[in-house]
Structure formats: C-alpha cells, structure tokens
Amino acid sequence: MPDQQQTLSVPSLLLLAAFAALTIRYFFFTKPSTSSPRANPRAVNPADVEQIATMFPQIGRREIIWDLQRNGGSVNATTERILGRGRLDPPPPSFQPVIPAGATPSTANTTLAQSKSEHIDLITRYNLGSRVSSQSSSPSEGSGPSGSPQPQSWSNNKNERQALLKRRREEMILTARRKLQEKERERPQQEG
Amino acid sequence: MASSIASRRLFHEYKLLTSSPPDGITAGPVSEDDIFLWEALIQGPDGTPFEGGIFPAELKFPKDYPLNPPTMRFLGEVWHPNVYPSGLVCISILHAPGDDPHHYEKASERWSPIQSVEKILISVMSMLAEPNDESPANIEAAKMWRERRSEFEKTVREGVRRSLGM
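Protein chains in written order, with UniProt numbering: chain P, 1 to 192; chain U, 1 to 166.
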C-alpha cells in the first residue's frame, strides 16, 4: 500500500482529476454553441433529408442522415455521391437517428389543355425522308443488326448525349418501317 | 429549390433509361435546356394491332416532380379507348394519390414518388395491349373496341402504316 501511494504523485493526481472533469463536462454539459467540427446529429435539417429521400426513394433515410451528418449537411454533396455511385455508405449499426415522417404529397390540380393535333407521320416529324428513300432501294442494307440494337452507353458530354438520343430515335423508327415493309412484301395479297 | 430536386431526379432517370433502356422504349428530354419536357417513343406491343408501330409522346413534368406525376400526350394518332382524341393518356399511374375522380383506382396503381418515367412508359405499353374499359377517354374508340373488335384492329393497323409514312 505505501508503495502504491508513492507512485501516484500529486501532479498526476491533479491531471487525472482535470481529465475526469473535462470528460464529464464533455458528455453531460455540451453546449450547442461549441465550436467543435463534429456536428450534432440534430444539426441535419429534416427538410434536407426529405428533399433527398424524395429525389431517390431507393435510398434509406438513415443512410441520408448519416451522409449529411458526415459532410456537414451539404445536400449537394450527398446528391452528387448518390448520382456518382448509385448509393451511400451504410452507417454503423449504432447509428440510429430520429427519422422524420414522410412528407405528405400535395394533390395535383392540372388543367389539361385539349388541343387538336393534326397527325403528321414519323418520317416527316423526324425529318427522315432522305434516309427512307435511300433505304427502300436496298432494304437489307446493314445499318446495325435488326432486332437487337447495339447497347448505347451514356455520354458525359451534353451534345453527345443529345446526338445519341436522336440516333436511337431514328434507328427505332427506321427499323420499324423496314420491318413493316418486309412483312408486307412477304404477304402482299393480304393488304387491301 | 423544389425545381432543382425535380431536375436532378429527372436527370438521374434519364441516365438510367439511357444506360439500360427497356425493350421498345426510347425516352429523354427534348433538349437538356428544359429537363421538364421529354419526348418518348414507344413501340407497339407484339401480338396486338399496335405491333410494329412506333408512337411518339411528350411528357410534361411539374416543377414539384416526383411529388406529382407528369402528363403524357401522344403526338401522333393513337386510336385507343384510354387515349383522348387530343392524344392525352388517361391511365391510373399518371394520377396523383387523392386525385381519383372516379374512385375505381387502387392507391397502389396511382402515382407516387416511388414510380418512375420508366414505369409510366411500361404501363402505357401494357395499356396499349390491354385497354381499360372502365375509364374510356375516347368513347368512340372504346365502343368500337367493345362491339366491333375487328374494325378496331383494322383502324389501328392502318394508323400504324400511315404513321410510318407508308
């Protein structure tokens, strides 16, 4: 006993007491005005959580709150992460935030304008006249295997995306027209 | 802020629909300058009079999408009980919950943010194959479909030929 008391000097006892006081203060008397970078769980704005949850219903609110809390409540950063990776990091099992109740959707009150539309055919609408006339001379000309269009990849360039979409539309129409022509050629007598 | 959520979600859906498009569907914004106006091409389902046809439609999204659904309007002629003569599509998935004037739709069939453009277009495709007789939008077409099926099918097939410029 006397030996042990010798090892605990007065300064180390004071240090221990100070540490204990600080620990107790940290856990029980933390003020909201602390300048610590670690955000309070309640600092995440429930409206932000709802916004993201509405945008991506497949992502759980727990994941969203966890991610918002880690990036300091930035909706943009969380959205970018979901768009880029398709998901968020799973929070640790101990993370159990208070999840706000789902937003109540408002009712739509859409007025529907009924306009008379004159029907123009697809070839005219999409300006495919030249490609149709070149196609009808050699219908089996290979502009891609019929039936199975080649897989289209997403482009990060806006103009390329627009061009890809336009090409897919045109291919779809021209393929449909070619198939219908081939079908009618097979049984020309049936059509009146 | 609300419209930025909508445009982000729409862009996300555009990306998904482009990288893994469902069979017979091509869809995307008319121009990315306005992500709230889309144009879609839907292929007529096989084994129906719409087979072989390509049907263009425009989708107009509200600024609070996906809380509220878009409206969808066929741009060409579509002779169908559930398509208004103006081209407007009448189908339960395009109706917001609580917005059920006829009280015949199940809540699960109606619009909710869990639905998507892809689900709308697939629903419209199956609507072409199987008209819903309970909510005719085009009375004449509904009557013909019910009473003179072969005439209905002939009318649709002729429309398909015309739309492809033949």
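For glycine and all other residues, C-beta sits at the position ideal for the given N, C-alpha and C.
Only those residues of the segment 157–168 of chain P whose C-beta falls short of 8 Å from the nearest C-beta of chain U are listed: K158, R161, Q162, L164, L165 and R168.
Counting only the Cα atoms, U:F36 lies some 27 Å from P:L68. Residue U:G24 holds the alpha-carbon nearest to the alpha-carbon of U:P45 among U:H95, U:G24, U:P136 and U:R9. Sequence-distant Cβ neighbours of P:A17 in its own chain, meaning closer than 6 Å and more than five residues away, do not exist here. In this structure, U:P113 is the residue among U:R73, U:A96 and U:P113 with its C-alpha nearest to the C-alpha of U:I5. By alpha-carbon distance to U:K119, the top candidate from U:V83, U:I42 and U:T155 is U:I42. Excluding five sequence positions before and after U:N138, the CB atoms of its chain that fall closer than 7 Å to its own CB belong to H80, P81, V83, Y84 and P85, given in chain order.
At a C-beta separation below 8 Å, U:P56 has these neighbours in chain P: L122 and R125.
By a beta-carbon distance limit of 8 Å, U:K15 does not contact P:W66. Their separation comes to about 24 Å. With respect to chain P, the C-beta atom of U:R9 has a partner C-beta closer than 7 Å. A Cβ of chain P is located within less than 7 Å of the beta carbon of U:G52. U:W38 has U:P29 and U:L59 as its beta-bridge partners, per DSSP. Each residue's CA atom was taken as its position, placing U:L94 and P:L180 some 31 Å apart. Around the beta-carbon of P:I24, fewer than 16 other beta-carbon atoms lie within 10 Å, marking it exposed. Residue pairing of P:L180 in beta bridges, as defined by DSSP: absent, with no partner found. Contact between the segment 167–178 of chain P and the segment 43–63 of chain U is established, with three or more Cβ pairs separated by less than 8 Å. Assigned with DSSP and collapsed to three states, U:L75 falls in coil, not helix or strand. About 4 Å separates the beta carbons of U:W111 and U:P69, which is inside the 8 Å limit, making them a contact pair. The alpha carbon of P:R177 has as its nearest neighbour, out of P:Q96, P:I123, P:N71 and P:P46, the alpha carbon of P:I123. For U:V156, the enclosing alpha helix (DSSP H) has its first and last residue at R149 to S163. Boundaries cannot be given for P:R87, as no alpha helix (DSSP H) includes it and DSSP labels it neither H nor E.
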